[in-house]
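In our numbering, the protein residues as written are 4 to 180.
Glycine is no exception: its CB is placed at the ideal position from the N, C-alpha and C atoms.
Given the structure is predicted, the values throughout are model-derived calculations rather than measurements.
Right, one structure below, let's go through it.
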């Protein structure tokens, strides 16, 4: 990270490995000897390194240990419409998926809707259909789930809503039967 002393303007190169660990960094200027505090601005969609790894991340990456909470009895596909997921952008652009059940996992491998996108986690997010809307839930994915330009843990989707996982933008539609 490049920064400058607030007293004399001398430029300093701070090590990213040291800077990224803290919200603020204080350094002493080599020219004037004064101290400067730099606030580190983080992007909301930036990937963070967590150390030590939390228990959910320590599992064998090749295993598919998907543990979902019990399914809510209120989940059901609408009787008058077919729910369709369309890939608007990304490696699988143009792909469509008709949801056959009310609870669907989107991911890379071993998911109900498997997308070919290296930026998507194995089990990235969950869609839960509730008649006229869908609950979108991120499943602690590495790169996050985005709705209306914001990284979200959960969101409520309506007909025509779009969201992003990895480099793929997906649209949900309720099509009349």
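- When DSSP states are grouped into helix, strand and coil, residue 22 belongs to the helix group.
- Within the model, the alpha-carbon separation for residue 167 versus residue 11 is close to 45 Å.
- Spanning the alpha carbons of residue 115 and residue 9 requires a straight line of approximately 54 Å.
- In this structure residue 120 is buried. Its beta-carbon is surrounded by 16 or more other beta-carbon atoms within 10 angstroms.
- Here residue 6 is actually not in contact with residue 40; their C-beta atoms are around 10 Å apart, not less than 8 Å.
- The beta carbons of residue 177 and residue 162 sit about 5 Å from each other, so the pair counts as a contact at 8 Å.
- Considered as a whole, the region 61–104 harbours 84–92 and 99–101 as its complete beta strand (DSSP E) runs of no fewer than 3 residues, in chain order.
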